[in-house]
Amino acid sequence: MTLSFNCKDSGDPVCTHTMYGETEQELLENVKRHAIEAHGFTEEIFNEEVTKKMDHIRKLIKTV
Ligand SMILES: [Zn+2]
């Protein structure tokens, strides 16, 4: 089972990048790397956002 998360689904108006992971933890690591590299997040801000919005993020995670 592979999980996926699409940047556009999370509300980004332009980025359509999709990240994948075998587990929720692995997926979040990939999302974090992308957020830092492509969207200027710091690890600290990312972790804060994830903590605040985890319920919402879980709804956006798809099984492929
Ligand atoms: Zn993106």
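Sequential numbering of the sequence shown, starting at 146, is according to the working numbering.
Positions of the beta carbon are idealized from the N, C-alpha and C atoms, including for glycine.
- Note on geometry: alpha-carbon atoms of residue 162 and residue 189 lie some 22 Å from one another.
- Set against 7 Å, the gap from the CB of residue 157 to the closest heavy atom of ligand 1 is smaller.
- The straight-line gap separating the alpha-carbon atoms of residue 146 and residue 178 is approximately 21 Å.
- DSSP places residue 196 inside the alpha helix (DSSP H), whose first and last residues are 188-205.
- Apart from the 5 residues on each side of it in sequence, residue 164 sits with its Cβ closer than 6 Å to the Cβ of 150, 175, 176, 179 in its chain, given in chain order.
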